[in-house]
Structures are given as structure tokens and as C-alpha cells.
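Visitor: Those protein sequences? They're chains A and B, same order as listed.
FYI, this note's numbering numbers position 39 of the first sequence as 39, with every residue one higher than the one before it.
FYI, this note's numbering numbers position 137 of the second sequence as 1137, with every residue one higher than the one before it.
Think of the CB as a built atom: it goes at the ideal place given N, C-alpha and C, for glycine as much as any other residue.
Protein chains: 2
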Amino acid sequence: MRTTDLRIIKTKQALHAALLTLLSQKPLEQISIAEICREAKVNRGTFYLHYEQKEGLFEEYFQEIMEDLYQSYEEPYRAVTTLDTHQLDPNTIRIFHHIERFKMFYRIVFSKNVPLTYYYMLFDGIYALLKRDITTHHEHQMAEQISIDYYSAYQANAIIGLIIQWYRGDFSDSVSILNQQLAAILKNVRGDG
Amino acid sequence: MRTTDLRIIKTKQALHAALLTLLSQKPLEQISIAEICREAKVNRGTFYLHYEQKEGLFEEYFQEIMEDLYQSYEEPYRAVTTLDTHQLDPNTIRIFHHIERFKMFYRIVFSKNVPLTYYYMLFDGIYALLKRDITTHHEHQMAEQISIDYYSAYQANAIIGLIIQWYRGDFSDSVSILNQQLAAILKNVRGDG
DNA sequence: GATTTTAATGAACAGATGTTCAATATCTAA
DNA sequence: TTAGATATTGAACATCTGTTCATTAAAATC
Chain A
1 MRTTDLRIIK TKQALHAALL TLLSQKPLEQ ISIAEICREA KVNRGTFYLH
51 YEQKEGLFEE YFQEIMEDLY QSYEEPYRAV TTLDTHQLDP NTIRIFHHIE
101 RFKMFYRIVF SKNVPLTYYY MLFDGIYALL KRDITTHHEH QMAEQISIDY
151 YSAYQANAII GLIIQWYRGD FSDSVSILNQ QLAAILKNVR GDG
Chain B
1001 MRTTDLRIIK TKQALHAALL TLLSQKPLEQ ISIAEICREA KVNRGTFYLH
1051 YEQKEGLFEE YFQEIMEDLY QSYEEPYRAV TTLDTHQLDP NTIRIFHHIE
1101 RFKMFYRIVF SKNVPLTYYY MLFDGIYALL KRDITTHHEH QMAEQISIDY
1151 YSAYQANAII GLIIQWYRGD FSDSVSILNQ QLAAILKNVR GDG
């Protein structure tokens, strides 16, 4: 099963389009595989040839969204060549902008009946970006008993914690409030103690 | 439908026992409602009288586990009357002990095909505990532009980030390593900048 | 203990899932 | 352009889901 086969491409396109159409009408949990196939005019058996669950189909979209996240993150790097302590600086990382841009999508990702997979995809994305920065720019600043993996997981999930809180308020706060909150938390935590 | 009715209690007990039996054989995703009912010798219609999904049944267990989390957290309070900066002190909060104790359970909670509900239940539990502490003991220490809700969400999910990393290593690190990592991260983050 | 209230049952239903199969259509490569 | 490879189809199957309903059984209440 090569992915260049025109038949495969057409089938997947049809399924993608069908999923998008249905997602504009109801949440993922309420959409059945049979329904997607009817909409896409694709045999149900064909669906199972390419995916195990409807979630697998959804994940293909997620990859595209993650591309945007990576680009949002890279943006400040392209502008300035050497930023010293830009790690976790809310004005340079642009994660909240990215979430805001795809908030319809993230409403699904954070809804409670959806599998944890999507959460992990987001986590892995942010984790990888932070870890790269921590490794490159901050190694010397860290106490050597701290595992970089644990530290990255800590920081990545902390940011997602803010996003969860944001989501639960239906994303009604502005991006700049989120950036300001993150900045204040990081500043505060460094200042006290 | 009052919960004191003996018939209800018996039915729920049977379903609980059946779920436990099946969970020792396979993960939750692979267990069907029909299967639980066969095992419990309860009519499938009766199941839907009490729960919407098998996840609802699972959640009843979760409540008991959360009770243990709360108690784990309260423990140091009972021992010492006034701890000053015990908030987030890994030696006094005993979250990692709790996770370790129920690691079989948390392997399900963090498995990727399970709905986000359980994650949120854990998040809400830790969030509530931290928020109470932050409100009571640390209000004066915080920059006033920080929202306590965002701050609590940040800290609660950061800890879960460590737990995710721990889970992904199949909980092979010891509890004291986790405590030490958290302590080091908190110390490091306060020390630099 | 009799009466009322209500939970549990079994049966049936339309629709979904996940899988298999031979037949067919459509692609790729020579 | 054709021959070979393979993706898609439709049909069928057992099983699961979610729901309804009259009937039965078992509680609570008096």
C-alpha cells in the first residue's frame, strides 16, 4: 500500500473532506465511521484499510495543525538571530496565538470525551520545542541533578495547564492576557522564595 | 431512583466487581458494556439505567482513588500545625506516593485511547488542593496581576507533566527521584533569572 | 403483612462496529 | 498499450450500542 497511489490519495481526500463537513455540524464523538463513509461515498471496508478508528483520520489533520505550531514557535528565531533568555518568554514563543488561531480545533482536542491521544500530540509538540531550547541555551544555568526530560515535561505541561484554564473559560480571555499571565508567573516564581 | 435502594446497591456492586475482574484481563477500551453485564449477570438495560457509558462506571472508582489523593495531601497538615512554605514542597505533599500506590490504575488513566475525563479528574483534584494552599498561604507573596486560577492550573498541570514523563518510563523511577526532581526544579527556577 | 412504589428483566429494534471474501475497477510499470 | 499489481467494492456475518416497553420482582412505606 504505497501512499502515492492515486486511488489512495482520492480516498483519503474524500474522507478528509467528509470529516470536515461533519465536524462543522457536530462534535467528533457523535460522528460515526459509517457516517463519514456515507458522506465520502467510500466503502466502509476501505476506511478500515487505512485507519483503525475515526480518531486516526482526525490525527492526520492534527499533523497539519502541529506544523503551524512549529512555525509559530520558529518565528521569533527568524527575526532575531540570538535571543538570550527567550526560552519561555511569552512574547517570543507564540503558542497562545497558535491556539487562538485554531480554537475551533482545540475545542475538540480538550473536550472530555475525546481520547488522550490528541493531548499527547500537543504535549509532545510543545515538549520537543522546549526541550530543544533548554538543551541549547540553558544547560549551563540548570542544576545538574535536574533531568532535562522531567524539566521539559514540567514546563510543557505547565503551559498546557494555562491553556486548559483558558479553554474552560471558552477562550474568552485575550491572547495578550495569557501572555501576560505566563510572564507574570515566570517572573513571580523567580522573584520570591 | 434513590441510591439507598438495596436493589441499586446490589446491581452497582455486581457491575463494580465485574469491571474489576475484566480490568485484570484487558484494558478498559477493549471491554464492552455487554461484556460487563454478562459478567455481572445484570441486564444490559439496567446498566443504562445507572450509567451512560462504561466510563461512568469507571469514574465511580476514580472517586475512591481521589479520596486517597486528598488524604495523602492532608497528611503533613495533620502532623505539623503550621508549615510556612510547604506549598509544592515535595516532601510534604505526597502526590507521587499516591500515584505509585495506584500505578496499575494510573496506567489506565494515562493510556492514550482513554477519554480525557480521567485526566481532568486528576487535574481538578490537584488543582483544588494547590489552589486552596495558594489562596491561604501565599496570597501576599504573589504579584497581584497573577490570576490565582491560572496560577493554580499552571502549577497543577506542571506536576502532572512530571507524572506523564514518569508514566512514559513505566514508573520505573522511584518516588524519591520524583520528589527530588520536583524539589530541584522549584529551587532552580527560583534561583536563576 | 398488605400495599404502593420502583428497580430489574427479557425481548425486540435500528443502527454501528470490525472483519472477511470474491469480484471488480483502477492504478503502475514495462 | 498491455499485463500485472493492488485498491476498492458490495455483501455478509457476529457482535455491540442505545433505546423502548410491557412484565415481573423486589424493595420501601404504611
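Compare the C-beta of residue 149 of chain A with all C-beta atoms of chain B and state if any pair is closer than 9 Å.
Guide: Position 149 of the first sequence, counted from the start, is the residue given in the question as residue 149 of chain A. Yes, because at least one Cβ of chain B sits closer than 9 Å to the Cβ of residue 149 of chain A.
Visitor: Run through the segment 1037-1084 of chain B for me and flag every whole beta strand (DSSP E) of 3 or more residues, listed as ranges in chain order.
Guide: The segment 1037-1084 of chain B contains no whole beta strand (DSSP E) run of 3 or more residues.
Visitor: Run through the DSSP bridge pairs and tell me what residue 115 of chain A is partnered with.
Guide: Mapped onto the first sequence, residue 115 of chain A falls at position 115. Residue 115 of chain A is bridged to B/1115.
Visitor: Would you please verify whether the beta carbon of residue 69 of chain A is less than 9 Å from any beta carbon of chain B?
Guide: The residue labelled residue 69 of chain A in the question sits at position 69 within the first sequence. It does not: the Cβ of residue 69 of chain A has no partner Cβ on chain B nearer than 9 Å.
Visitor: Please list, in chain order, all residues of the same chain as residue 1031 of chain B whose beta carbon is under 8 Å from its beta carbon, the five residues on each side excluded.
Guide: To locate residue 1031 of chain B, count along the second sequence from 1; it is residue 31. Contacts found: 1019, 1022, 1023 and 1054.
Visitor: Grab the span of the alpha helix (DSSP H) containing residue 1100 of chain B for me, first residue to last.
Guide: Position 100 of the second sequence, counted from the start, is the residue given in the question as residue 1100 of chain B. Counting along the chain, the alpha helix (DSSP H) containing residue 1100 of chain B begins and ends at 1095-1101.
Visitor: My output table needs one value for residue 1146 of chain B: the three-state DSSP class, helix, strand or coil.
Guide: If you number the second sequence from 1, residue 1146 of chain B lands on position 146. Reduced to three states, the DSSP call for residue 1146 of chain B is coil.
Visitor: Beta-carbon separation of residue 169 of chain A and residue 1160 of chain B under 9 Å?
Guide: Numbered from its first residue, the first sequence carries residue 169 of chain A at position 169. Numbered from its first residue, the second sequence carries residue 1160 of chain B at position 160. No; because the gap between Cβ atoms is not below 9 Å, this pair is not in contact.
Visitor: Measure the C-alpha to C-alpha separation of residue 93 of chain A and residue 188 of chain A and round it to an integer number of angstroms.
Guide: For this step, residue 93 of chain A is matched to residue 93 along the first sequence. For this step, residue 188 of chain A is matched to residue 188 along the first sequence. The alpha-carbon atoms of residue 93 of chain A and residue 188 of chain A are separated by roughly 19 Å.
Visitor: For residue 95 of chain A versus residue 69 of chain A, is the C-beta distance shorter than 9 Å?
Guide: Along the first sequence, one-based indexing puts residue 95 of chain A at 95. Along the first sequence, one-based indexing puts residue 69 of chain A at 69. Closer than 9 Å, so yes.
Visitor: In angstroms, rounded to a whole number, what distance separates the CA positions of residue 1122 of chain B and residue 1050 of chain B?
Guide: Reading the second sequence from its first residue, position 122 is the one you call residue 1122 of chain B. Reading the second sequence from its first residue, position 50 is the one you call residue 1050 of chain B. Their Cα atoms are separated by approximately 23 Å.
Visitor: Determine the contact status of residue 1115 of chain B and residue 115 of chain A, defining contact as a CB-CB distance below 9 Å.
Guide: Walking along the second sequence from the start, residue 1115 of chain B turns up at place 115. Walking along the first sequence from the start, residue 115 of chain A turns up at place 115. Result yes, Cβ atoms of residue 1115 of chain B and residue 115 of chain A sit closer than 9 Å.
Visitor: Would you mind reading off the limits of the alpha helix (DSSP H) that contains residue 26 of chain A?
Guide: Within the first sequence, residue 26 of chain A is the residue found at index 26, counting from 1. Neither: residue 26 of chain A is in no alpha helix (DSSP H) and is coded neither H nor E.
Visitor: Please say whether residue 106 of chain A and residue 199 of chain A have beta carbons closer to each other than 9 Å?
Guide: Residue 199 of chain A lies beyond the stretch modelled for chain A, which goes from 1 to 193, so this question has no answer here.
Visitor: Does residue 1051 of chain B come within less than 9 Å of chain A when only Cβ atoms are used?
Guide: As a working note, residue 1051 of chain B is residue 51 in the second sequence. Chain A contact via Cβ: absent.
Visitor: Quick check on residue 1111 of chain B - is its C-beta less than 9 Å from some C-beta in chain A?
Guide: The residue you call residue 1111 of chain B lines up with position 111 of the second sequence. It does: the Cβ of residue 1111 of chain B has a partner Cβ on chain A nearer than 9 Å.
Visitor: When the Cα atoms are used, what is the spatial distance from residue 1193 of chain B to residue 75 of chain A?
Guide: Counting from 1 along the second sequence, the entry for residue 1193 of chain B is found at position 193. Counting from 1 along the first sequence, the entry for residue 75 of chain A is found at position 75. Note that residue 1193 of chain B scores a pLDDT of 36, beneath 50, so its modelled location is shaky; the value from the coordinates is reported in the next line. The alpha-carbon atoms of residue 1193 of chain B and residue 75 of chain A are separated by roughly 23 Å.
Visitor: Check the C-beta distance from residue 157 of chain A over to residue 1158 of chain B and give it rounded, since I have them as a contact under 8 Å.
Guide: The residue given as residue 157 of chain A occupies position 157 in the first sequence. The residue given as residue 1158 of chain B occupies position 158 in the second sequence. That pair is a contact at about 6 Å.
Visitor: Quick one: is residue 63 of chain A near chain B, going by C-beta distance under 9 Å?
Guide: Translated into the one-based positions of the first sequence, residue 63 of chain A becomes position 63. By this cut-off, residue 63 of chain A is not an interface position.
Visitor: What's the gap between the Cα of residue 1144 of chain B and the Cα of residue 1119 of chain B?
Guide: Mapped onto the second sequence, residue 1144 of chain B falls at position 144. Mapped onto the second sequence, residue 1119 of chain B falls at position 119. Roughly 30 Å between the two C-alpha positions.
Visitor: In or out: residue 1152 of chain B buried (at least 16 other Cβ within 10 Å) or exposed?
Guide: Taking the first residue of the second sequence as 1, we reach residue 1152 of chain B at position 152. Residue 1152 of chain B is buried by the Cβ-count criterion.
Visitor: Quick one: what's got a C-beta closer than 6 Å to residue 1175 of chain B's C-beta in the same chain, skipping five residues either side?
Guide: As a position in the second sequence, residue 1175 of chain B is number 175, starting the count at 1. For residue 1175 of chain B, where only same-chain residues beyond five positions count, the Cβ hits under 6 Å are 1096, 1097 and 1100.
Visitor: State yes or no: is the beta carbon of residue 1179 of chain B nearer than 9 Å to at least one beta carbon in chain A?
Guide: Position 179 of the second sequence, counted from the start, is the residue given in the question as residue 1179 of chain B. So, not an interface residue.
Visitor: By a C-beta neighbour count over all protein chains shown, 10 Å radius and 16 as the cutoff for buried, is residue 1124 of chain B buried or exposed?
Guide: In the second sequence, the residue the question calls residue 1124 of chain B occupies position 124. So residue 1124 of chain B counts as exposed.
Visitor: Kindly list the residues whose CB is nearer than 7 Å to the CB of residue 1163 of chain B, restricted to its own chain and excluding five residues on each side of it in sequence; keep chain order.
Guide: Here residue 1163 of chain B is taken as the residue at index 163 of the second sequence, counted from 1. Excluding residues within five positions, the ones whose Cβ falls inside 7 Å are 1099.
Visitor: Within 10 angstroms of its Cβ, does residue 81 of chain A collect 16 or more other Cβ (buried), or is it exposed?
Guide: To locate residue 81 of chain A, count along the first sequence from 1; it is residue 81. Because residue 81 of chain A sits at a pLDDT of 43, beneath the cut-off of 50, its placement in the model cannot be relied upon, and the following sentence gives the value as read from the coordinates. The residue in question, residue 81 of chain A, is exposed, as its Cβ has fewer than 16 Cβ neighbours within 10 Å.
Visitor: Using only alpha-carbon positions, find the residue among B/1072, B/1014, B/1043 and B/1150 that is nearest to residue 183 of chain A.
Guide: Indexing the first sequence from 1 puts residue 183 of chain A at position 183. For the residues B/1072, B/1014, B/1043 and B/1150, the minimum Cα distance to residue 183 of chain A belongs to B/1150.
Visitor: Going by C-alpha distance, which of A/13, A/65 and A/71 is nearest residue 46 of chain A?
Guide: Residue 46 of chain A sits at position 46 when you count from the first residue of the first sequence. Selected option, being the one with the closest Cα: A/13.
Visitor: Looking at chain A, which residues of the segment 1114-1134 of chain B have a Cβ within less than 9 Å of any of its Cβ atoms?
Guide: Under the 9 Å Cβ criterion, the segment 1114-1134 of chain B contributes 1114, 1115, 1116, 1117, 1118, 1119, 1120, 1123 and 1127.
Visitor: Listed from N- to C-terminal order along the chain, which residues in the segment 163-176 of chain A have their beta-carbon within a distance smaller than 7 Å of any beta-carbon of chain B?
Guide: Residues 164 and 165.
Visitor: Hey, is residue 1056 of chain B's beta-carbon within less than 9 Å of any beta-carbon in chain A?
Guide: Taking the second sequence and counting its residues from 1, the one referred to as residue 1056 of chain B is at position 56. Answer no: the Cβ-Cβ gap between residue 1056 of chain B and chain A never drops below 9 Å.
Visitor: Hey, residue 58 of chain A and residue 103 of chain A: beta-carbon distance below 9 Å or not?
Guide: One-based indexing of the first sequence puts residue 58 of chain A at position 58. One-based indexing of the first sequence puts residue 103 of chain A at position 103. Taking 9 Å as the Cβ cut-off, residue 58 of chain A and residue 103 of chain A do not qualify as a contacting pair.
Visitor: Within 9 Å of any Cβ in chain A, is that where the Cβ of residue 1103 of chain B sits?
Guide: Within the second sequence, residue 1103 of chain B is the residue found at index 103, counting from 1. Not closer than 9 Å to any Cβ of chain A, the Cβ of residue 1103 of chain B fails to qualify, so no.
Visitor: Grab me the residues of residue 148 of chain A's own chain with a C-beta within less than 7 Å of its C-beta, minus the 5 sequence neighbours each way, in chain order.
Guide: Mapped onto the first sequence, residue 148 of chain A falls at position 148. Cβ within range, chain order: 131, 134 and 135.
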